[in-house]
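Residue numbers (the working numbering), protein chains in the order written: chain A, 28 to 120; chain B, 16 to 518; chain C, 399 to 980; chain D, 2 to 490.
Glycine is no exception: its CB is placed at the ideal position from the N, C-alpha and C atoms.
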């Protein structure tokens with residue numbers, strides 16, 4: 028049981044590493060938004076792993092957290108994309 | 016309405032209210048503004064008189080407002096604060112009249128008088144401060160209130176002077192804050208009490224106390240224009256004459272010196288300070304400043320700069336008197352606190368009149384002016400002779416006691432410094448007096464700049480300009496002549512010293 | 399209340415001086431000023447010995463009309479009265495006379511005040527008032543020469559004031575109070591009494607013309623107008639002597655070193671003054687040097703007063719007597735010079751010359767003159783065997799020297815041409831000047847009889863003058879001087895354009911050396927050129943720093959910096975947290 | 002009491018909705034009404050807390066582990082009052098500044114931000130703190146981008162990126178803490194965070210994330226551009242409250258979750274970064290040419306001071322002297338309040354000057370002292386508080402921090418506290434120098450609208466009052482101090 032838990036947690040950690048690396052390297056706006064989204068989902072993966080950490084039924088709180096987290100992540104990505112588009116238009120003018 | 020509580024609050028409040036009222040008055044309502052100014056000033060003198068009588072009959076005035084759990088704002092009238100209160104309120108009344116006459120027709124008068132009264136509030140606060148934190152609060156307020164006065168003219172030179180002034184005084188303020196906080200951590204809220212409060216700490220915190228003393232002297236020394244920290248005073252001469260009169264004789268420099276006197280007598284206690292071994296270096300520094308200031312004054316061609324350097328040296332008389340252990344040294348210091356104010360403000364009034372009526376600023380443009388302006392130059396001569404220390408003027412009285420203090424304390428170099436500075440004073444004041452009275456009058460040979468049209472033309476210049484100068488000259492003469500009586504500054508100084516050295 | 403007369407008599411001239419400033423009172427003042435010193439004279443003559451103390455004035459002012467004070471007050475009042483009258487007719491126009499009068503009255507008030515002051519601070523205040531208001535008298539005629547004289551007078555006066563101030567301060571710190579009654583004893587007991595005595599001697603010595611400090615006298619007296627120089631020589635330099643007699647511990651000192659020093663300097667002053675005076679070409683300078691030499695006698699007397707074996711009262715009496723004698727004679731001579739320069743008729747010149755001759759002889763101490771009596775008093779001071787042995791030969795030599803100097807002065811006076819100054823006054827000139835001069839000469843003539851009476855009434859017990867005892871001494875003097883005068887006549891008759899020793903001898907010599915020294919301002923100017931490059935150096939440095947800082951700030955806004963900074967902070971925090979203490 | 006809490010949160014959000022839907026005058030009037038209602042509610046709750054200590058209110062009845070619980074102690078109450086006060090002032094200023102419907106989208110964003118700020122101080126479980134921080138970020142980024150030109154947009158994008166980075170780091174930290182302790186509620190978490198490597202990692206992640214959002218020195222790069230390019234009311238709110246919200250959360254974490262006495266070394270690291278921030282921010286502020294950039298960099302500097310609380314408070318507790326710790330805590334809180342009021346006043350002043358003088362370059366401010374004396378006076382008084390000169394709140398904070406630092410003999414902090422004041426005086430008085438210069442010809446300029454000057458003066462009066470009577474706020478800082486070792490008082 029704990030083995031599965033640790034695999035997902037480990038995967039989440041790896042994903043966080045990739046996201047940080049991408050953020051450090053790329054300067055293009057879209058690439059950064061993508062990298063930053065993977066970081067978000069990595070966090071949610073970690074939460075998912077935590078839900079299964081002890082035996083018995085998976086504990087519901089991380090699930091609630093992940094749902095709200097996703098909502099927040101989507102809205103901030105939307106805002107970032109809107110800003111990026113407006114900047115692009117301004118640059119063209 | 017218990018007067019003991021409210022009077023010390025009303026004193027600074029009166030000039031604060033004047034300042035706020037002036038803010039409301041529009042720029043062109045000259046008469047109303049002058050009325051408010053003078054009302055505030057007279058009210059203050061009346062209150063000081065009442066308080067003076069109260070203190071004389073052993074009445075305790077104290078107002079205590081809690082600032083935070085451990086800190087409280089204390090306004091208390093004791094004997095030393097009474098001395099400074101009387102000096103600053105009377106001189107402020109005269110300076111207001113002078114300023115009204117001087118600024119006739121110049122722009123931004125509302126702003127000027129507003130900050131002028133704010134400056135007075137701060138000075139009142141400083142003189143009434145009952146503990147170190149209140150003193151610090153009003154000490155910093157004074158810096159801020161004086162800055163707009165220095166830059167009042169808005170020229171590039173005025174702003175440069177303002178910058179230098181701020182640089183010096185803000186650093187001084189920060190250092191004083193450090194010192195005060197340090198004392199606060201060692202001994203908690205320090206109430207001013209004759210004989211000082213830090214004595215019990217002696218064995219354990221000797222070096223810390225020495226460090227604190229140096230910090231406080233540096234912080235206060237900026238405003239007291241001790242040697243390395245005096246740079247701002249001559250450059251601040253670019254301010255209009257009533258401001259330089261205010262700066263030099265009434266408010267700013269006096270705050271610094273008053274602070275040092277409080278520090279030595281009421282925080283450290285003079286006996287303890289001597290045992291700490293901090294007073295000797297202070298007296299050497301003061302001695303050096305006296306001679307340095309006089310020598311620099313010798314080479315200044317601008318009249319007001321020469322008076323500025325002479326203030327630098329005269330202030331250190333007070334510090335020297337305070338630093339020399341002994342009753343007569345203290346009497347000399349306290350008396351000179353008042354005498355220097357009277358004499359120096361007369362000199363600045365005369366410089367202002369000369370500058371304002373004839374546009375004379377340089378020392379060498381004075382020849383023969385005595386015939387054309389006998390009263391002004393008469394007042395200037397009396398004050399100048401006072402500065403030199405010839406009897407029966409006030410300057411002689413304090414120099415006599417300072418010399419006596421120095422000799423009794425066994426350091427004869429104090430006497431040598433006093434003599435040297437008197438000779439130097441002669442060197443830079445007598446030529447001015449000689450040119451003014453006996454010089455070939457330039458008025459006939461070269462056409463002097465056209466004389467300004469004056470509001471109330473007395474014989475030589477407008478009355479509001481001339482009257483204060485004559486009054487302060489007369490006061491500095493009588494302060495010296497009737498020094499023996501109880502009501503003269505010397506009498507008050509003797510009374511204070513008796514109480515201080517009584518236990 | 400009667401004590402207040404003392405103060406009033408001293409302050410009346412001051413009050414008159416101030417009222418004189420008002421335009422309205424100008425004309426009335428012309429008549430009143432000459433009589434200003436009258437109340438002081440009356441107080442000196444008839445007032446009982448008064449004591450008054452005013453606690454609120456200065457540091458508790460004390461006034462006391464004791465014997466010495468009465469003598470000096472009387473002398474000053476007489477001389478100021480004469481000079482006041484003399485100055486009425488002396489000046490060329492009203493305007494300059496009025497300017498002179500204001501300072502004349504101020505100095506008078508100072509002089510009268512200090513004679514009756516009984517505590518150091520009041521004495522010092524009147525002394526300072528007299529000194530500083532005498533300066534305008536010296537530079538009255540506004541020529542460059544009088545300006546130079548005024549400058550040297552002021553410099554030495556300030557030096558004197560400062561020495562005096564330190565001496566008095568040291569003395570008061572010992573005595574605890576400023577009264578003259580307490581000071582001398584405290585000085586005698588003081589551990590640093592030698593410094594105090596030296597300071598006081600020098601401080602008063604400047605005024606009294608002690609040799610190295612006398613240099614202002616031969617410059618200032620000739621420059622001042624006649625009435626002013628008469629008073630300067632007559633009573634003002636005596637203030638120095640009065641100071642000595644009041645403050646110095648007369649008779650209380652153990653060692654007689656100080657009295658020895660004073661004796662030697664007195665003699666030296668006498669001879670030095672005579673020699674310098676002898677070579678002068680203008681009568682006023684010669685008279686000034688004669689004052690210096692005569693002050694030698696007073697220093698002598700003060701020295702004797704300092705003798706340890708209590709001969710002070712006699713010495714003081716002799717000193718007072720000599721002061722009165724010299725004051726009157728010297729004032730008469732100076733007024734004589736002033737009158738001669740205005741004398742238009744031959745008869746008036748002859749009268750003036752004879753009067754001056756008499757005063758000169760009295761100075762030299764010829765028999766039957768006040769000078770002889772005063773010198774006899776000096777000789778008769780019972781100051782121990784050394785003095786008795788040396789007194790008569792010394793006095794003889796000094797008298798001969800003075801005689802030569804007097805001869806020189808009379809010769810110069812004879813040759814003096816009256817300067818053609820037209821005067822705006824109505825009545826003939828000489829008539830106005832003569833009464834004042836004449837009264838002084840008359841006082842001089844009646845001196846031998848009047849002087850002992852005056853002194854005894856003042857309270858100083860002095861043996862009276864009897865012609866018999868003086869015949870012997872006087873005869874020896876006459877026998878010696880007349881042949882010597884005849885032999886050395888070529889010397890004192892010689893006329894030279896320029897005096898061998900210029901007036902103000904020491905000062906002019908030292909002064910010229912000082913001018914050549916680069917003035918301090920040039921010395922300071924050396925430093926200013928360094929300021930410019932130093933500020934330039936700091937300016938370049940700060941600009942460089944600012945550019946670097948701004949560049950670093952821009953660098954931060956790049957993306958990667960933000961991420962790396964975040965990661966870095968995280969890891970360092972983690973490590974630090976991990977290293978928990980405990 | 003419970004009645005006031007929903008208004009506190011609901012009020013501003015409802016105002017946002019209303020002002021979004023009805024853009025006309027009615028919309029604005031109604032939204033202002035709702036906003037003032039929430040301010041009054043804030044006052045009501047604080048009176049409640051004053052009277053009966055910590056208030057706890059379970060939202061919709063659900064208890065701590067599952068439901069969201071609202072908890073108000075002394076610190077939260079002061080922050081609520083601060084938000085209410087400054088928001089009222091900013092709202093009145095914005096009414097004059099934006100003249101009618103120039104910026105229709107301003108009002109919804111502004112009220113949204115206000116509501117989010119209120120909730121942050123109420124909520125007491127760490128995940129809803131994350132949500133509130135996100136809300137604040139979105140509203141703030143929207144506000145920054147309002148002016149619409151290219152630089153403002155890229156600045157707000159950079160602000161968004163770095164803020165979200167900080168939140169995600171915080172989220173990861175929350176995940177690790179939840180993994181270890183099993184609960185999200187702050188009160189239950191207090192003291193249970195052990196000292197293993199994973200709890201160290203969690204705490205450092207949370208601290209780094211929040212430091213990024215509070216713009217501590219190395220992570221401050223996004224702040225100057227964002228705060229200076231936003232419209233004046235928004236930048237006032239940004240500097241005064243948004244930055245403080247994340248600092249508030251950091252305080253909660255640092256002192257409630259772990260034993261403050263144990264992580265001394267990390268606290269001193271934060272203190273060192275704070276010192277660097279003070280020096281760097283002040284120097285930068287002195288070099289800037291534009292007024293709003295000066296004020297923005299001054300925020301970076303003043304935040305440096307805030308981080309002094311960690312080493313001073315922790316050090317005092319480690320030395321076992323709780324009254325020193327109290328002084329440090331009170332100094333810190335008063336500094337937050339004083340800086341918030343002073344900074345918002347300064348931004349409003351720069352906004353007013355920008356509007357009347359057309360440009361906010363300092364060199365163009367010649368003669369401002371004559372034409373806009375009151376505004377310059379407000380700038381002066383706010384400046385005095387930043388420098389820490391006596392008659393202002395800033396002085397009391399500086400005094401308290403100074404005395405604690407001297408007592409614990411941290412001479413470096415004492416030196417930076419003093420030096421920081423002097424450096425601050427450089428950029429504050431630099432503006433005054435220029436405004437005192439009288440130009441040759443005095444261009445006539447329109448007077449500053451009443452509502453703007455009233456709000457500025459109100460803020461300065463509050464500053465002076467805080468300076469003269471600091472006893473009132475000081476008292477409340479000690480109610481329910483978030484310490485594992487229980488109440489300090």
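1) Shortest alpha-carbon distance to residue 612 of chain C belongs to which of C:809, C:688 and C:796?
2) Taking the alpha carbon of residue 89 of chain B as the reference point, which residue from B:98, B:164 and B:21 has its own alpha carbon closest?
3) Comparing the C-beta of residue 439 of chain D with each C-beta of chain E, is any distance below 8 Å?
4) Is residue 108 of chain A close to chain D, meaning its C-beta is less than 8 Å from at least one C-beta of that chain?
5) Listed from N- to C-terminal order along the chain, which residues in the region 206-221 of chain D have their beta-carbon within a distance smaller than 7 Å of any beta-carbon of chain C?
6) What residues from chain B crowd round residue 426 of chain D, counting only those whose CB sits closer than 8 Å?
7) For residue 80 of chain B, name the three-state secondary structure that DSSP assigns.
8) Using the Cα positions of residue 526 of chain C and residue 877 of chain C, report the straight-line distance between them to the nearest angstrom.
9) Report yes if the C-beta distance between residue 516 of chain C and residue 461 of chain C is below 8 Å; otherwise report no.
10) Which chain A residues sit within Cβ distance under 7 Å of residue 961 of chain C?
11) Answer with yes or no whether the minimum CB distance from residue 66 of chain A to chain D is below 8 Å.
12) So residue 196 of chain D and residue 263 of chain D are supposed to be a Cβ contact under 8 Å. How far apart are they, rounded?
13) What's the gap between the Cα of residue 242 of chain D and the Cα of residue 27 of chain B?
14) Please name the residue, chosen from C:652, C:683 and C:555, that lies closest to residue 638 of chain C on a Cα-to-Cα basis.
15) Are the C-beta atoms of residue 420 of chain C and some chain B residue less than 8 Å apart?
16) Over what stretch of residues does the beta strand (DSSP E) that includes residue 73 of chain D continue unbroken?
17) Would the region 620-628 of chain C count as touching the region 564-572 of chain C if we require 3 or more Cβ pairs under 8 Å?
18) Distance check for residue 364 of chain D and residue 357 of chain D, CA to CA, integer angstroms please.
19) Note down the Cα distance separating residue 485 of chain D from residue 257 of chain D, rounded to an integer number of angstroms.
20) Would you decide whether residue 513 of chain B is buried or exposed? Buried here means 16 or more other CB atoms lie within 10 Å of its CB.
21) Span of the beta strand (DSSP E) holding residue 137 of chain D?
22) Excluding five sequence neighbours on each side, which residues of the same chain lie with their C-beta closer than 6 Å to the C-beta of residue 628 of chain C?
23) Looking only at its chain, what residues have a beta carbon closer than 8 Å to the beta carbon of residue 331 of chain D, apart from the 5 residues adjacent to it on each side?
24) Just curious, the alpha helix (DSSP H) that residue 690 of chain C is in, first and last residue?
25) In this structure, how does DSSP classify residue 216 of chain D when only helix, strand and coil are distinguished?
26) Using the Cα positions of residue 53 of chain A and residue 973 of chain C, report the straight-line distance between them to the nearest angstrom.
27) Suppose you measure from the CA of residue 129 of chain B to the CA of residue 337 of chain D; what does that come to, to the nearest Å?
28) Between the alpha carbons of residue 475 of chain B and residue 364 of chain B, how many angstroms are there, rounded?
For this structure:
1) By 1-based counting over the third chain, the position of residue 612 of chain C is 214. Checked all of C:809, C:688 and C:796; the closest Cα to residue 612 of chain C is C:688.
2) To locate residue 89 of chain B, count along the second chain from 1; it is residue 74. The option with the nearest alpha carbon to residue 89 of chain B is B:21.
3) Considering every chain present, this structure includes no chain E. Its protein chains are A, B, C and D.
4) The residue you call residue 108 of chain A lines up with position 81 of the first chain. Not an interface residue.
5) 206, 208, 209, 212, 213, 219 and 220
6) Sequence index remark: in the fourth chain, residue 426 of chain D carries index 425 (1-based). Correct list: 181 and 185.
7) Looking up residue 80 of chain B in the second chain gives position 65. Note: residue 80 of chain B maps to strand in three-state DSSP.
8) Here the question's residue 526 of chain C lines up with position 128 in the third chain. Here the question's residue 877 of chain C lines up with position 479 in the third chain. Their backbone Cα atoms lie some 46 Å apart in a straight line.
9) As a position in the third chain, residue 516 of chain C is number 118, starting the count at 1. As a position in the third chain, residue 461 of chain C is number 63, starting the count at 1. Yes, the Cβ-Cβ distance between residue 516 of chain C and residue 461 of chain C is below 8 Å.
10) For this step, residue 961 of chain C is matched to residue 563 along the third chain. Residues of chain A passing the Cβ test: 47, 50 and 51.
11) Walking along the first chain from the start, residue 66 of chain A turns up at place 39. For residue 66 of chain A, the answer is yes, since a Cβ of chain D falls inside 8 Å of its Cβ.
12) Within the fourth chain, numbered from 1, the residue matching residue 196 of chain D stands at position 195. Within the fourth chain, numbered from 1, the residue matching residue 263 of chain D stands at position 262. Confirmed, Cβ separation roughly 6 Å.
13) Mapped onto the fourth chain, residue 242 of chain D falls at position 241. Mapped onto the second chain, residue 27 of chain B falls at position 12. Near 36 Å, if we compare the C-alpha coordinates of residue 27 of chain B and residue 242 of chain D.
14) Position 240 of the third chain, counted from the start, is the residue given in the question as residue 638 of chain C. Closest option to residue 638 of chain C, Cα to Cα, is C:555.
15) Taking the third chain and counting its residues from 1, one reaches residue 420 of chain C at position 22. No, residue 420 of chain C does not count as interfacial toward chain B.
16) On the fourth chain, position 72 is the one that residue 73 of chain D refers to. First-last of the beta strand (DSSP E) with residue 73 of chain D: 70-73.
17) no
18) The residue given as residue 357 of chain D occupies position 356 in the fourth chain. The residue given as residue 364 of chain D occupies position 363 in the fourth chain. Between residue 357 of chain D and residue 364 of chain D, the C-alpha separation is close to 15 Å.
19) Within the fourth chain, the letter at position 484 stands for residue 485 of chain D. Within the fourth chain, the letter at position 256 stands for residue 257 of chain D. Per-residue confidence for residue 485 of chain D stands at a pLDDT of 47, beneath the threshold of 50, marking its modelled position as unreliable; no derived number is given.
20) Numbered from 1 along the second chain, position 498 holds the residue referred to as residue 513 of chain B. Flag for residue 513 of chain B reads exposed.
21) On the fourth chain, position 136 is the one that residue 137 of chain D refers to. Residue 137 of chain D -> not in any beta strand (DSSP E); alpha helix (DSSP H) instead, spanning 127-145.
22) Walking along the third chain from the start, residue 628 of chain C turns up at place 230. Excluding positions up to five away in sequence, the list reads 481, 729, 732 and 733.
23) The sequence position of residue 331 of chain D within the fourth chain is 330, counting from 1. Cβ neighbours of residue 331 of chain D beyond the five flanking positions: 401, 475, 478 and 479.
24) In the third chain, the residue the question calls residue 690 of chain C occupies position 292. That run of the alpha helix (DSSP H) goes 681-703.
25) In the fourth chain, residue 216 of chain D corresponds to position 215, counting from 1. Coil.
26) Along the first chain, one-based indexing puts residue 53 of chain A at 26. Along the third chain, one-based indexing puts residue 973 of chain C at 575. Approximately 28 Å between the Cα atoms of the pair.
27) What you label residue 129 of chain B is simply residue 114 of the second chain in a count that begins at 1. What you label residue 337 of chain D is simply residue 336 of the fourth chain in a count that begins at 1. So the alpha carbons of these two residues sit roughly 32 Å apart.
28) Indexing the second chain from 1 puts residue 475 of chain B at position 460. Indexing the second chain from 1 puts residue 364 of chain B at position 349. Cα-Cα distance, rounded: 14 Å.
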